[in-house]
Structure formats: structure tokens, C-alpha cells
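Q: Residue numbering for the first sequence follows full-length UniProt numbering, beginning at 1 and increasing consecutively.
Yeah, the Cβ is synthetic: ideal placement off N, Cα and C, and Gly gets one too.
I have a structure I would like to understand better, so I am pasting it below and will then ask my questions one at a time.
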Amino acid sequence: MFHVLSQCLSSPTATLSQARQAHALILKLNLFSDTHLTTTLLSLYANTHSLSTPQLSLTLSSHLPHPTLFSFSSLIQAFARSSHFPHVLTAFSHLAPRGLVSDAFLLPTTIKSCAILRALNQGQQVHAFALASGFVLDSIVASSLIQMYLKCDRIVDARKLFDRMPERDVVVWSAMIAGYSRLGLVDEARGLFGEMRSCGVEPNLVTWNGMLVGLGNNGLYDEAVGMFRVMLLEGFLPDGSTVSCVLPSVGCLEDVVMGSQVHGYGIKQGLLCDKFVVSAMLDMYGKCGCVKEMSRVFDEVEEVEIGSLNAFLTGLSRNGMVDSALEVFNRLKDQKMELNVVTWTSVIASCSQNGKDFEALELFRDMQAYGVEPNAVTIPSLIPACGNISALTHGKEIHCFSLRKGIFDDVYVGSALIDMYAKCGRIQLARRCFNNMLAPNLVSWNAVMSGYAMHGKAKETMEMFHMMQQSGQKPDSITFTCVLSACAQNGLTEEGWHYYNSMSKEHGIEPKMEHYACMVTLLSRVGKLEEAYSIIKEMPFEPDACVWGALLSSCRVHNNLSLGEIAAEKLFPLEPANPGNYVLLSNIYASKGLWDEENRIREMMKSKGLRKNPGYSWIEVGHKVHMLLAGDQSHPQMKDILEKLDKLNMEMKKSGYLPKTNFVLQDVEEQDKEQILCGHSEKLAVVLGLLNTSPGQPLQVIKNLRICDDCHAVIKAISRLEGREIYIRDTNRFHHMKDGVCSCGDFW
DNA sequence: TTAGGGTTAG
């Protein structure tokens with residue numbers, strides 16, 4: 001019976017139910033005193049993943065009265081093989097109380113379990129034992145300990161052990177190099193690599209791979225690819241690991257030639273059955289913009305693996321093919337493929353980055369319905385969607401969600417929240433998020449400054465700029481875009497020039513297109529149109545549409561025809577299909593009563609098949625975001641909206657409001673002009689908000705075009721008449737209206 | 001019978 005049981009339990013095909021039957025038999029026949037049999041039973045339980053750590057402890061103490069070191073060894077190896085690392089540690093901890101002393105062979109497996117579990121404390125205990133027993137002199141024990149310290153981010157402890165080793169083989173050198181690489185300490189890794197060779201130890205594939213990862217992960221793409229070439233020259237044959245280590249760098253350099261060579265090599269060596277190689281290849285082609293090659297790699301894969309799918313989806317959306325990405329995603333979801341958090345996050349990010357904000361919010365709900373837990377990457381990928389559509393309620397919910405999940409000191413989440421609150425009109429909340437951050441980075445500083453700039457708060461933007469420098473954070477070119485645009489919002493020419501001049505002089509940052517665009521806006525808005533034009537003429541590179549657009553738009557504000565025509569002449573070829581530019585020029589003609597010229601531009605638009613971009617606005621009421629189109633009658637509450645607007649108009653007229661009909665630049669009767677003004681989407685959205693929210697509640701509206709003068713005046717009046725704070729975000733900035741006054745001071 | 005390396009989401 002004993003023999004049969006033993007054989008049955010040792011069989012590699014033994015199942016859980018067989019283990020249970022054997023267990024029952026062992027109990028019945030009182031065979032628990034046999035160490036070998038009991039150990040085999042426990043190992044089988046371990047392999048079938050059906051024993052919890054407390055159960056194990058209990059079983060060990062009650063049923064293994066006289067175990068030997070051998071029974072523990074085989075048990076520990078079995079647990080490690082079946083990835084039951086906590087069991088390894090439990091079993092190891094049962095040695096000492098039984099008077100058993102571990103041998104050198106048992107230590108590496110135990111230490112590795114500590115490393116995998118990041119169990120530093122237990123690892124240190126094993127280290128103490130290794131020191132006391134002298135096993136630390138064993139090179140395999142020492143390299144396990146080094147690895148354990150590296151996994152626990154204790155590089156100094158690892159290095160101490162490394163330096164004390166009497167002899168160092170290629171394994172331990174490789175481990176140290178990879179450890180430094182992973183922590184971003186590339187100089188140290190490079191140093192060790194050289195030192196190793198001068199000590200006469202030749203690197204192997206693992207050593208090279210460790211270096212390649214370190215270089216690539218730290219942005220040293222050129223050096224990574226260079227090292228890869230050296231490696232080939234020295235006669236090393238890259239394996240799958242090497243290929244997936246170097247491909248990310250090839251992708252970041254967009255080096256298609258190298259990429260295709262590696263691809264060819266991979267095919268020849270049969271490496272494309274390796275999932276890491278496939279996803280790295282997809283990622284590389286995606287980054288290089290080679291959608292066709294990427295799709296071919298994906299199509300040729302026999303079985304779609306989750307990592308490759310994720311790389312493929314990201315590659316598609318990186319190349320603007322969001323719809324294709326969603327189609328592939330939906331198809332595989334319907335085929336019941338198991339999608340993970342990376343897949344969901346990837347499609348959420350591509351939606352929120354490509355104007356599919358509502359879809360992003362829906363995907364976030366779906367992923368949870370599918371039982372996939374959002375993580376610290378999902379949250380900052382989703383938050384921009386709320387900012388984009390000013391969905392404050394949704395944004396706050398996601399903020400709460402992240403707090404509930406314990407994700408609050410993440411710098412990406414923090415920065416995304418700052419941006420979201422600023423875009424939803426709540427600049428104070430944005431600032432509070434910034435103040436709560438433990439370690440704001442450049443992106444966080446830029447987010448809060450861009451928030452202030454967007455709200456026209458130049459003083460606060462400049463204050464933050466100085467605080468940032470005091471904190472030791474260096475500005476980048478985006479920081480200056482924020483500062484300059486804040487100056488432009490407020491017509492602060494002197495300050496604008498000061499910061500503009502300091503860019504290259506004090507910070508070594510050369511002005512880019514957007515900085516010129518800010519300066520042109522700043523100068524031209526305050527009426528210094530000629531000065532703005534001189535800046536354009538002195539630019540060291542060809543101005544783009546933003547620069548000319550800024551000039552044309554100010555020419556429209558100041559009705560400057562001659563410069564407006566110059567700007568338009570440059571702008572039209574750059575953006576032949578942008579109706580806004582034609583509208584600006586035709587409006588300048590209209591404002592001067594030059595109806596023939598105005599007509600000519602309208603005809604030009606018509607012949608190009610262009611129509612004026614329809615104006616629309618969004619407003620969030622409760623959980624629903626409503627979209628209103630200018631002049632659109634389809635909203636179910638439209639009758640009530642127009643009635644309310646009529647009433648408000650009457651009240652405004654009583655208090656002296658005159659419709660600013662010069663902003664209806666069409667050759668129509670005054671009465672009709674007034675009618676057209678009433679249909680502007682931002683007004684409709686504000687009134688919809690008034691009708692559906694309780695008195696005193698603030699309203700926020702976003703508009704896809706710039707707010708017109710009349711809407712600005714009317715909504716200011718509404719804020720006073722109705723006692724509401726109203727936030728309007730147009731393409732340019734925020735208008736915070738309260739008690740009949742706007743935060744922009746009527747300058748925009 | 002024990003030690004070292006890899007891809008994909010912000």
C-alpha cells in the first residue's frame with residue numbers, strides 16, 4: 001500500500017482529487033509518520049495550488065513530527081517550482097524550531113522567494129544566517145542575496161556584498177549591471193561593464209541585455225542602438241531577449257532601417273514565436289509610423305497574445321487610427337478574449353486624446369463591469385476626458401474613486417487633476433490639488449501655470465513661475481508658453497518682453513513657434529499691430545498658421561484691413577480648409593461695410609466647399625452633458641429656453657442693454673440680426689443650465705469658438721440678474737462671470 | 001542541482 005501510494009503521489013499526472021484520496025488513506029492507515037510520503041503529499045498539494053499558508057503551517061506541525069532536512073528541501077523546491085513563494089518562506093521558518101540547519105543548497109531558492117515577494121525583512125534574516133554559517137562565501141548564495149537587495153531597491157547593500165566577494169563570475173556582474181540599469185543609474189552600470197572586462201570576465205548575452213535595457217529606459221537610444229551594433233561586431237548572436245531590449249530604442253529613434261533589419265534577423269532566427277519579440281516589434285513599427293508593417297506582423301501571429309494586442313492598439317492610436325483600434329478592441333472583446341488593465345487603459349487613453357471623451361467615460365464604466373480594476377495609469381488617462389468636456393461632476397467622481405483606491409500621491413494623477421479642475425473652471429480646486437502634491441514635477445508646475453493662464457490670472461501665473469524656480473525646478477519651453485500666454489491675455493507687454501528675452505539669455509531655451517505666436521497675440525491684441533508684424537518678419541524660421549492666425553484675429557478685433565489682408569494672404573495657403581480664417585477676413589470687410597469684398601470671400605469659401613464651423617456649446621447638468629448647436633431647435637426643452645431668454649432680454653432692455661448687432665456680420669435687417677444673436681449656442685446652454693439647476697448653483701459652459709461680444713455682455717448681465725456664477729470656456733480662455741462682471745475685464 | 005536579462009497603457 002505504501003509503495004502504491006508513494007508512486008501515485010509522485011506521478012507527474014497526479015490530480016488534486018487523487019491527492020485528497022491519498023491524504024484520506026494516509027490518515028486512515030496512520031502513515032503520517034512516514035516523512036517521505038508526507039512530503040510528497042505536501043509537494044503535490046503545492047503543485048496543485050490548493051494549500052493556503054496557514055493550512056501549510058498547521059499540516060507541517062501536526063503531521064510531520066520527524067522531518068529531515070531532505071524532506072524540507074524537496075518541499076521547498078516543489079513550492080518554488082509551483083510559484084508558491086510564501087510557502088517557501090513558511091517551510092523555511094519551520095527548520096530552526098525543529099533543530100534543523102539549512103545547507104547551502106536551500107538558501108538560493110529561499111532568498112529568491114524573498115526577492116520575488118520583496119520580503120526584505122526575511123531576506124535580511126537569511127543573510128544573517130548566511131553570514132553566521134559562512135555560506136555567504138558561496139558565490140551562488142552571494143549572488144542570490146545581491147539579487148534580493150536589488151529587487152528590494154537596496155542598491156547600497158547589494159554593492160557592499162558585491163565588493164566583498166572574493167571571486168565574481170559573469171552572473172553576479174550581470175546582476176549588478178542590470179540592477180543599476182533598472183534603477184536608472186546608467187553611469188554606474190556602464191562603469192561596471194568596463195570594469196568587468198578589465199577584470200578579464202567577458203560579458204554574455206545577459207550582460208549585454210542588461211546594459212541595453214538601462215540605456216533604452218533612460219532615453220539613451222542612440223547609445224543603446226550603438227551598443228547593439230558593437231555586440232553584433234563582437235560576434236554575439238542576439239536572442240529574443242536582446243531583440244526586445246533594443247527595439248524600444250530603435251522605435252524611439254524612428255530608425256526604420258534598423259528596425260527592418262532586426263525584423264529580418266528575427267524571422268531568420270525564428271524569434272517571432274516569442275511574445276516579447278512580437279510586442280516589441282509592433283511597438284517599434286507603431287513608433288516609426290509604419291502601420292502597414294505593424295499590421296502585417298500582427299496578422300502573421302498565430303495566436304493573439306495580450307501584450308501584442310496592447311502594443312498593436314497603442315500603435316494604431318499613435319498613428320491616428322483610433323477607430324481601427326476601437327474596432328479591433330471590440331472584436332476581440334466580443335470574442336471573449338481576456339483583456340487586461342493595459343488594454344482598457346490603452347483604448348481609454350486613445351479616446352481621451354482624440355476627442356472621444358464620452359466614449360472614454362463609457363469605456364471606464366465598461367471595464368469595471370467586466371471586472372477589470374482600474375489602476376494608477378488608468379486614472380490619469382481618463383481624467384483629461386472630463387476636462388475636455390468640462391464634466392466637473394464626472395471629474396470629481398473619478399477624483400474620489402482614486403482616493404478610495406489609495407491612488408493619491410501619484411504625480412501623474414495629481415497633474416491630471418490640476419488640469420481637469422482648471423479646465424472645468426475651478427482654478428482654486430486646481431491649486432489645492434497642486435498644494436497637496438508631495439513631489440510636484442515639471443508637468444505639475446506647468447499644469448497649474450497653464451490653469452492660471454487659461455483663467456487670465458497673470459499675477460498668479462508669474463508668482464508660480466518664481467516659486468517654481470525657488471523650488472529648484474527648471475522651466476521648459478511649455479512653462480514659457482504658459483507665462484507668455486498669461487501676459488497676452490492681460491495685455492502685459494512689458495512683462496511679456498521681459499520673459500521672452502529671458503528665455504534664451506537666462507534659461508538657454510530658444511523661442512519656438514508657440515512663443516512667437518504668444519508674442520504676436522500679446523502685441524497685436526493691445527493694438528501694436530506693426531510691432532507684431534515686425535516680430536513675424538524677424539522670425540528665424542517660417543511662421544506657421546498659428547502665428548499668422550494670431551495676427552489676422554487681432555486685425556479683426558482692431559479692424560485693420562491692410563495687415564489683415566497680408567496675414568490672410570499668408571494664412572490661406574497654409575490652412576486652405578479652415579473656414580475660420582475666411583470668416584475673419586470677411587468680417588473685417590463687413591465691419592467696414594465692404595460688402596462686395598465680403599461677398600467675394602464668402603464665394604471663395606463656397607467654391608472650396610467650406611462652410612462656417614457651426615458654433616456649439618456643452619453644459620453639464622447633473623450627470624448628463626448636453627450639446628447645443630447655434631440656431632438648432634432640436635433640444636427637447638428649446639421652447640422653455642427661448643421663453644426664458646425672451647424674459648431675460650426684456651429685463652436687460654429695461655436696464656439699458658442694447659444688443660451688440662455689429663457682431664452679426666451678415667448683411668441682414670437689424671431685427672433679424674437680433675434674432676440670430678439669440679440663437680448663439682453659449683446663451684442657449686446658459687439658459688438650459690438656469691432651467692435645470694437650483695438657484696445659486698454655478699454653471700459652466702464650454703464653447704468651440706471664441707465667445708462673441710454680445711454673448712459676453714448678455715451672460716454677464718444674466719450672472720447679475722439671476723445671482724449665478726457662470727464659467728465660460730472658449731477656445732482662448734476662461735470667462736468667470738459674477739455680479740455682472742467678467743474676470744477677463746472685457747479684454748480678450 | 002540551487003544564481004543573471006525582455007514587450008505592451010499615462
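Considering only DSSP beta bridges, list what His626 is partnered with.
A: Residue numbering aside, residue 626 sits at position 626 when the first sequence is read from its first letter. Per DSSP, Ile619.
Q: Can you tell me the Cα-Cα spacing of Val668 and Gly496, whole angstroms?
A: As a first step, residue 668 must be located in the first sequence, where it is residue number 668. As a first step, residue 496 must be located in the first sequence, where it is residue number 496. Interpretation of Val668 is limited by its pLDDT of 49, a score under 50 that renders its predicted location unreliable; the figure taken from the coordinates is listed afterwards. Straight-line Cα distance between these residues: approximately 41 Å.
Q: Quick one: give me the first and last residue of the beta strand (DSSP E) that Val301 is part of.
A: Mapped onto the first sequence, residue 301 falls at position 301. First-last for Val301: undefined, no H or E at that position.
Q: Please report how far the alpha carbon of Met148 lies from the alpha carbon of Ile116, in whole angstroms.
A: Locating residue 148 in the first sequence gives position 148, counting from the first residue. Locating residue 116 in the first sequence gives position 116, counting from the first residue. Taking the straight line joining both Cα atoms gives about 8 Å.
Q: State whether the segment 511-526 contacts the segment 541-552, with contact taken as three or more CB pairs (one from each stretch) at a distance under 8 Å.
A: Result yes; three or more Cβ-Cβ pairs closer than 8 Å.
Q: In the DSSP assignment, find the beta strand (DSSP E) that holds His680 and state where it starts and stops.
A: As a first step, residue 680 is located in the first sequence; it is residue number 680 there, counting from the start. Note, His680: premise wrong, no beta strand (DSSP E); not H, not E.
Q: Can you give the Cα-Cα distance for Cys546 and Gln353, rounded to whole angstroms?
A: Within the first sequence, numbered from 1, the residue matching residue 546 stands at position 546. Within the first sequence, numbered from 1, the residue matching residue 353 stands at position 353. So the alpha carbons of these two residues sit roughly 21 Å apart.
Q: Is it buried or exposed, Ala189, if we count other Cβ atoms within 10 angstroms and call 16 or more buried?
A: Counting from one through the first sequence, the residue named residue 189 turns up at place 189. Ala189 is buried by the Cβ-count criterion.
Q: How many Å lie between Val278 and Lys333 at the Cα?
A: Locating residue 278 in the first sequence gives position 278, where the first residue counts as 1. Locating residue 333 in the first sequence gives position 333, where the first residue counts as 1. For Val278 and Lys333, the distance between alpha carbons rounds to 21 Å.
Q: Would the segment 681-693 and the segment 588-605 be scored as touching if the rule is three or more Cβ pairs under 8 Å?
A: Verdict: no, contact absent.
Q: For the candidate residues Pro511, Met176, Lys268 and Thr314, whose alpha-carbon lies nearest to that of Cys288?
A: On the first sequence, residue 288 is found 288 positions in, with the first residue counted as 1. Nearest of Pro511, Met176, Lys268 and Thr314 to Cys288, Cα basis: Thr314.
Q: From Met462, Glu167, Phe135 and Ile111, pick the residue whose C-alpha is nearest to that of residue 780; which is it?
A: For residue 780 there is no data in the structure shown, the boundaries of the chain being 1 and 748.
Q: Run through the segment 439-496 for me and flag every whole alpha helix (DSSP H) of 4 or more residues, listed as ranges in chain order.
A: As far as the segment 439-496 is concerned, its whole alpha helix (DSSP H) runs of at least 4 residues are 442-454, 458-470 and 477-490.
Q: Determine the extent of the alpha helix (DSSP H) in which Ile726 is found, giving its start and end residues.
A: Indexing the first sequence from 1 puts residue 726 at position 726. Where Ile726 is concerned, there is no enclosing alpha helix (DSSP H), although the beta strand (DSSP E) it sits in stretches over Ile726 to Arg729.
Q: Do you know how far the Cα of Cys114 is from the Cα of residue 756?
A: Outside the shown range of the chain, which is 1 to 748, sits residue 756, and nothing can be said about it.
Q: With 16 other CB atoms within 10 Å as the buried threshold, where does Glu202 fall?
A: For the purposes of this step, residue 202 is identified with residue 202 of the first sequence, where counting begins at 1. By the neighbour-count rule (16 or more Cβ atoms within 10 Å), Glu202 is not buried but exposed.
Q: How about Leu699 and Arg724: do their beta carbons lie closer than 9 Å?
A: For the purposes of this step, residue 699 is taken as the residue at position 699 of the first sequence. For the purposes of this step, residue 724 is taken as the residue at position 724 of the first sequence. Yes, they are a contact pair.
Q: Compare the beta carbon distance of Ala178 and Gly216 with 9 Å and say whether it is the shorter of the two.
A: Position 178 of the first sequence, counted from the first residue, corresponds to residue 178. Position 216 of the first sequence, counted from the first residue, corresponds to residue 216. Not closer than 9 Å, so no.
Q: Verify whether the separation of the beta carbon atoms of Val172 and Ser139 is less than 9 Å.
A: As a working note, residue 172 is residue 172 in the first sequence. As a working note, residue 139 is residue 139 in the first sequence. The answer is yes: Cβ separation under 9 Å.
Q: Measuring CB to CB, does Phe135 end up less than 9 Å from Leu100?
A: Position 135 of the first sequence, counted from the first residue, corresponds to residue 135. Position 100 of the first sequence, counted from the first residue, corresponds to residue 100. No, the pair does not count as a contact, with Cβ atoms beyond the cut-off.
Q: Can you say whether Gln671 is buried or exposed, counting buried as having 16 or more other CB atoms within 10 angstroms of its CB?
A: Taking the first sequence and counting its residues from 1, the one referred to as residue 671 is at position 671. With a pLDDT of only 47 at Gln671, under the threshold of 50, the placement of this residue in the model should not be trusted, and no figure is reported.
Q: To the nearest angstrom, how far is it from the Cα of Gly631 to the Cα of Glu397?
A: Locating residue 631 in the first sequence gives position 631, where the first residue counts as 1. Locating residue 397 in the first sequence gives position 397, where the first residue counts as 1. If I take the Cα positions, the gap works out to 33 Å.
Q: Quick check on DSSP: helix, strand or coil for Gln335?
A: Locating residue 335 in the first sequence gives position 335, counting from the first residue. Residue state, collapsed to three classes: coil.
Q: DSSP three-state label for Glu674, please.
A: Here residue 674 is taken as the residue at index 674 of the first sequence, counted from 1. Here Glu674 scores only 49 on pLDDT, less than 50, and its place in the model should not be relied on; the value that follows carries that caveat. Correct three-state label for Glu674: helix.
Q: What runs of the beta strand (DSSP E), each 3 residues or longer, lie entirely inside the segment 72-105?
A: The qualifying runs do not exist here; there are none.
Q: Assign Met196 to one of two classes, buried (16 or more other C-beta atoms within 10 Å of its C-beta) or exposed (fewer than that).
A: Locating residue 196 in the first sequence gives position 196, where the first residue counts as 1. By the 10 Å Cβ count, Met196 comes out buried.
Q: What are the boundary residues of the beta strand (DSSP E) that includes Val372?
A: Here residue 372 corresponds to residue number 372 of the first sequence, with the count starting at 1. Unbroken run through Val372: none, as it is neither H nor E.
Q: Just the Cα atoms here: how many angstroms apart are His23 and Leu41?
A: As a first step, residue 23 is located in the first sequence; it is residue number 23 there, counting from the start. As a first step, residue 41 is located in the first sequence; it is residue number 41 there, counting from the start. The alpha-carbon atoms of His23 and Leu41 are separated by roughly 7 Å.
Q: Using the C-alpha atoms, what's the distance from Ser634 back to Asp410?
A: Numbered from its first residue, the first sequence carries residue 410 at position 410. Numbered from its first residue, the first sequence carries residue 634 at position 634. Cα-Cα distance, rounded: 43 Å.
Q: When you compare the segment 402-421 with the segment 701-709, are there three or more beta-carbon pairs, one atom per stretch, that lie closer than 8 Å?
A: Cβ pair count under 8 Å is below three, so no.
Q: DSSP three-state label for Cys742, please.
A: Translated into the one-based positions of the first sequence, residue 742 becomes position 742. If DSSP states are grouped into helix, strand and coil, Cys742 belongs with the strands.
Q: Can residue 777 and Ala224 be called in contact, C-beta distance under 9 Å?
A: Look at the range of the chain in this structure, 1 to 748, and you will see that residue 777 is not part of it.
Q: Quick check: the Cα distance between Ser6 and Asn30, rounded to an integer number of angstroms?
A: Position 6 of the first sequence, counted from the first residue, corresponds to residue 6. Position 30 of the first sequence, counted from the first residue, corresponds to residue 30. Each residue's alpha carbon lies about 14 Å from the other.
Q: Which word fits Asp323, buried or exposed, when buried means at least 16 other C-beta atoms lie within 10 angstroms of its C-beta?
A: For the purposes of this step, residue 323 is identified with residue 323 of the first sequence, where counting begins at 1. Looking at its Cβ environment, which holds fewer than 16 other Cβ atoms inside 10 Å, Asp323 is exposed.
Q: Per DSSP, Lys703 forms a beta bridge with which residues?
A: For this step, residue 703 is matched to residue 703 along the first sequence. Lys703 is bridged to Ser617.
Q: To the nearest angstrom, how far is the alpha carbon of Tyr582 from that of Ile566?
A: The count along the first sequence starts at 1 and reaches residue 582 at position 582. The count along the first sequence starts at 1 and reaches residue 566 at position 566. Going from the Cα of Tyr582 to the Cα of Ile566 covers about 13 Å.
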